[in-house]
Amino acid sequence: MANLTFKDFKSDQEVRWCPGCGDHAVLAALQRALPKVSQALNYEKERYVVVSGIGCSSRLPYYMDTYGFHSIHGRATAISTGIKVANPWLTVWQACGDGDALAIGGNHFIHAIRRNIDINIILFNNQIYGLTKGQYSPTSKFGAITKTSPYGTVEHPFNPGSLVLGAKGTFFARSLDVELKLNEEIMTAAALHDGCSVMEMLTNCVIFNDGAHKSISDPEFRSDRTIVLRDGERMVFGKNNDRGLVYDGKKLRVVHIGEGGYGLEDVLVHDSHNDNIGLHMALAEMKGPDYPVALGVIRDVRDITYDDGVRDQVKEVMAKSKIHNVDELLHSGSTWEVK
Amino acid sequence: MQLTGSLFADMSAIYGNSLSTFPDFPAEIRAPHGTVSGVSGFQVHIGSEGVGTPGDFCDLLVAMNPAALKSNAKWCKPTAMILVDGDAFDEKGMEKAGFQTENPFTELRVEDRAIIVAPISTLTQESLKESGLDAKTVLKCKNMFTLGMACYIYSRPLEYIYQYLERKFSKKHPELIEPNKKVLNDGFNYAANIQAIPNTYTVAPVKNKKPGTYRNITGNQAVAWGLLAASEKSGLPLFCGSYPITPATAILEELAIHKSLGAKTLQAEDEIAGICTAIGASYAGNLAVTTTSGPGLSLKSEALGLAVMAELPLVVVDVQRGGPSTGLPTKTEQSDLNQALYGRNGECPMPVIAAHSPSNCFDAAYFAAKIALEHMTPVMLLSEGFLGNGSEPWRVPVMADYPEIKPPFVNGVLTDGEKFHPFERDAETLVRRWAIPGQKGFEHRVGGLEKTHAGVLSTDPVNHETMVRERAEKVARVARRIPELEILHGPASGKLLVVGWGGTYGHLLNAVEEAGDVVSFVHFDYINPLPSNTEKVFGGFEKILVCELNSGQFVAWLRASLPQFNYLQYNKVQGQPFLVSELVDAIRKEL
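As they're listed, the protein sequences go chains A and B. For the first sequence, the residue numbers in our numbering are 1 to 339. For the second sequence, the residue numbers in our numbering are 1 to 591.
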């Protein structure tokens, strides 16, 4: 049985993120989650590979004392895919940013999800290009004023959740950088999920986009503006747990429990394993001021994974084929003898 | 026509001829029928002695419509026979092909050739009148009628084609076997009966051919098989991440078939994902490959730099086509050499190897993989559309005869407190060691940022320069492990040395043989690094003539590498192979 602690996953490299950057907390959650995952799945440390693209968050592999690959902008998902297909025994974690995964790497991102390759993607979403010092990203809010949009952007942002579920993703979770315990929970669930897991971490960039998520992350009103979804639990939120989500036949609605004829029994119970993608999509797309932002594991369903499919097909063809080595291949089909 | 041509070629190969083929087709899948730009051609050159090229001029031209005649009449020898489907030479067909007069033969000035106008469509319909097949299917059989006629002209037995038809149709369309056989036979008999064939040929099998098992192979197939061979020899599973692109796609298709040898193929979402999945697979310990053509290679440039920086083995196959941009997708060229040598940011050298014939693609791929795996570097393997689609008979090798492939794996365990330094180098080769993930204690990080030997990020100026030099020197030292340059024809020193690389090998060899014994010839399979004796060989000649299918990319590389010599150049950039005759002229000019 693997008996690892968070120290085993800390490398000797100095962490160079800005003080107060949300990435510190996500790294800490990962270093705390992996020992638990190792315990649950009996994984040794050498089984982990941490892959990243380019950007602030992509520095993460250097801070993990595991096998790691810091690749090029946008391509982490393709590198992860290659690693997992080549050796499905390895367990692949990926750190990437919103610009990295959703702009330059958008194509690889959606296709990894479509293929349902068994990798764990942590998507650091700070709604800004940090490492290039403050340009808008594909998740920046409409009208965001940044260095490349001094008069405000005139483009709509992606909601990563809708993108993942639109590509028929099998696992999507969302959280805030500061939710250390929830993030450990999410990362453990992602590790146990067989398939492509996307964890959107709403991170704060203290330098270029400070407070981007403040409207939901501020402890003052976090519990009023977010809802933490947990399987089997009713979708209740609010400082006093007095509000809930109901489905009125057409769409989700926020109700005050005990008012307007709604009791606790009317409030929806979360089921991330429900195959029906509609409700998960509705939950992923909730936003203020009318709705709380959904945190936690929103969707976690089983489907065939690409890496298993590739491996099984190779096995199947090997068993059937008459060609088992290159000499046999060279003599297969039409040949003739010269004497 | 592609099928008819390849059947004739395969049959001739089995019969024992030496041969070379050159399929030349438009980029469109169903190009406008009957137009000159839509002509799909297949050139076969057979002989009783070494055939090195698909040939310049032909003895028999088969034209199924006026457009095919128009675009190919110029390739007929004065003694050639021209066989056409008379049914296709109606008003409409003539108009589509843009003929101005009523007699296409005089208009093209080939009226003095032996012309056979056979109503092939009508005869095929007649032949299959009672077959019960629909009119469309019947007309599709006219190529078999033509093949039957060609078999008569070249005295070929029909058995091989019978067997082929049985194999091809037995599962899905057994009803097509007999009609096709009948048409083939009727075509053969028609040619025998019309008394219009001025001469028939008997091309005897090659004598004193080295005993062994032979097969016909295309360059793309040979690349795929060479990679499978390297996978077997190294004990590493093959991973190919690729995106379909003409004319390289057949390599991915071929590898996709051979899962029984453990090959994994990933048809990626784009060219970049092709190479990046391969880089990931390499990091995870597979023999990783990505295959492409020029435009795709452009897209892979950044990732190639990553593979150089991370010092991971990778084989990149570029089956070159006419460029720039989309260029001439189905035509051949050698114009990606500069891209292969220089097409990356930073100082970013990698070994570059070129295949010189369809069957040589097997060895070229095998040794590209061997160098990649043993030197921990991406290797660029240049093929060409001409090689990839072309075929030739090949005496199949025995895997036991191939050298071992031994990657520099880390061995054993680390002592207590010892850390693995991923970029520490072997003193002789400057190659780093390969620690495949999954091994306890060897956890390390690689990536695109500059690092120290210990694998720690560093922007230290001196460290950067050291690493740049070491990466370059590592590639340069590959020269110690590759074969020396050999003089393939002519004296070891003298007046003129003809130099080639890649797929022009057969044409150049034939040309120097024709030009005479005083002309010497070398051909480069290894481009970067150049063979270590290159300077010595070049030093023996008054003139060096570099011939290539581009505007002078290899000659520029030679000028940069060995500037002390005076180079002449002969270039062609038409999307077509050299003609032996034009090479002979160019060589004689320098004598």
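For glycine and all other residues, C-beta sits at the position ideal for the given N, C-alpha and C.
- For S52 of chain A and L264 of chain A, the gap between their C-alpha atoms comes out near 44 angstroms.
- Taken in chain order, the whole alpha helix (DSSP H) runs of length 4 or more contained in the segment 246-300 of chain B are 249-257, 271-283.
- Residues F22, T53, P54, T332, F386, G503, T504, H507, L549 of the same chain have their beta carbon placed closer than 8 angstroms to that of P577 of chain B, with the five preceding and five following residues left out of the count.
- Membership of T122 of chain B in any beta strand (DSSP E) is not indicated; the residue belongs instead to the alpha helix (DSSP H) covering 120-127.
- Taking C-beta atoms as the reference points, F420 of chain B and H444 of chain B count as a pair closer than 7 angstroms.
- Note on the segment 207-287 of chain A: whole alpha helix (DSSP H) runs with a minimum of 4 residues are 214-217, 222-225, 277-284, in chain order.
- With a cutoff of 7 angstroms on beta-carbon distance, G540 of chain B and V519 of chain B are scored as not near each other.
- Only exposed fits H173 of chain B, as fewer than 16 other CB atoms lie within 10 angstroms of its CB.
- Spanning the alpha carbons of S38 of chain A and T188 of chain A requires a straight line of approximately 10 angstroms.
- The Cβ of Y154 of chain B sits no closer than 7 angstroms to any Cβ of chain A.
- The Cβ neighbour count for W225 of chain B, taken over all protein chains shown within 10 Å, is at least 16; the residue is labelled buried.
- Identification of residues in the segment 285-315 of chain B having a C-beta nearer than 9 angstroms to some C-beta of chain A yields G285, N286, A288, E302, A303, G305, L306, A310, given in sequence order.
- Setting aside the 5 residues that flank it on each side, R433 of chain B is surrounded in the same chain by P408, V410, each with a C-beta closer than 6 angstroms to its C-beta; the list follows chain order.
- V396 of chain B belongs to the set of residues whose beta carbon lies under 7 angstroms from a beta carbon in chain A.
- Contact annotation for Q313 of chain A against chain B: K259 [CB-CB distance below 7 angstroms, chain order].
- By the Cβ criterion, the segment 252-269 of chain B is not in contact with the segment 423-443 of chain B, since fewer than three pairs of Cβ atoms, one from each stretch, lie closer than 8 angstroms.
- Here D401 of chain B is exposed, its C-beta having fewer than 16 other C-beta atoms within 10 Å.
- Using a CB distance below 9 angstroms, the part of the segment 432-450 of chain B facing chain A consists of A435, I436, P437, G438, Q439, K440, G441, F442, E443, H444, R445, V446, G447, G448, L449, ordered along the chain.
- For V44 of chain B, the enclosing beta strand (DSSP E) starts and ends at 41-47.
- Of the candidates B:T124, B:Y154, B:S131, B:T124 places its Cα closest to the Cα of K140 of chain B.
- As a beta-bridge residue in DSSP terms, E200 of chain A pairs with A:L123, A:R174.
- Short of 7 angstroms from the beta carbon of V110 of chain B, and not among the five residues preceding or following it, lie these beta carbons of its own chain, in chain order: A73, C76, I82.
- Residues of chain A with a Cβ closer than 9 angstroms to the Cβ of I14 of chain B are, in chain order, S334, T335, W336.
- In summary, Q334 of chain B is buried, with 16 or more beta-carbon neighbours lying within 10 Å of its beta-carbon over all protein chains present.
- Our two residues, P104 of chain B and P66 of chain B, have alpha carbons roughly 8 angstroms apart in a direct line.
- In this structure P88 of chain A touches D307 of chain A by the C-beta definition: roughly 4 angstroms separates them, less than 8 angstroms.
- Per the coordinates, the alpha-carbon of I298 of chain A lies some 7 angstroms from the alpha-carbon of L283 of chain A.
- Around W89 of chain A, the beta-carbon contacts reaching into chain B at under 8 angstroms are G438.
- Between P295 of chain B and L373 of chain B, the CB-CB gap reaches or exceeds 7 angstroms.
- Each residue's CA atom was taken as its position, placing I544 of chain B and L236 of chain B some 42 angstroms apart.
- Annotation: V206 of chain A to S231 of chain B spans about 49 angstroms, alpha carbon to alpha carbon.
- Nearest Cα to E384 of chain B within the set B:H356, B:I371, B:I405: B:H356.
- Proximity of G82 of chain A to chain B, defined by a Cβ-Cβ separation below 7 angstroms, is satisfied.
- Judged by DSSP secondary structure, I527 of chain B falls within the beta strand (DSSP E) whose first and last residues are 526-528.
- Taking a Cβ-Cβ cut-off of 8 angstroms, the neighbours of L266 of chain B in chain A comprise T81, G82, V85, V310, given in sequence order.
- Rounded to the nearest angstrom, the gap between the Cα atoms of D118 of chain A and P138 of chain A is 25 angstroms.
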